[in-house]
Amino acid sequence: MSIIIKPIITEKITKDGELFNRFGFIVDKKANKVEIKKAVEAAYGVSVLAVNTMIYRADRTVKYTKGGVISGKTNAYKKAVVQLKEGETIDFYTNI
521 MSIIIKPIIT
531 EKITKDGELF
541 NRFGFIVDKK
551 ANKVEIKKAV
561 EAAYGVSVLA
571 VNTMIYRADR
581 TVKYTKGGVI
591 SGKTNAYKKA
601 VVQLKEGETI
611 DFYTNI
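First residue of the sequence shown? That's 521 in our numbering, and the numbers climb one at a time after it.
This is the structure in structure tokens:
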């Protein structure tokens with residue numbers, strides 16, 4: 521089971537990484553904070569101080585267009601924000 525699905529690279533999370541040493545990931549819905557901490561430490565070789573998790577529900581949308589009514593939804597996911605030890609960082613922009 522892969523716990524970390526993908527990193528979140530948004531303007532807000534990038535700013536958090538620079539200022540407060542926090543990085544965001546989309547993780548498996550069934551993973552708990554201990555498993556997320558171990559997965560991040562193993563994948564990136566850093567020390568994690570804290571893990572905050574949030575579960576986002578699926579949003580349903582209805583659009584009224586010329587062609588008729590279009591309904592859809594966004595996927596539900598779990599987001600984890602991990603805080604690293606002072607002086608450590610994760611670089612998502614280099615291909616290693």
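Cβ coordinates follow ideal geometry from the N, Cα and C atoms, glycine included.
{"query": "Contact set for residue 513: own chain, Cβ-Cβ below 7 angstroms, skip 5 residues either direction", "result": "The question about residue 513 has no answer here: the residues shown for the chain are numbered 521 through 616."}
{"query": "Residue 587, DSSP secondary structure in three states", "result": "coil"}
{"query": "For residue 606, the nearest candidate out of 541, 527 and 529 (CA to CA)", "result": "541"}
{"query": "For residue 595, the residue or residues it bridges with in DSSP", "result": "In DSSP, residue 595 forms no bridge with anything."}
{"query": "Status (buried if at least 16 other CB within 10 Å, exposed otherwise) for residue 593", "result": "exposed"}
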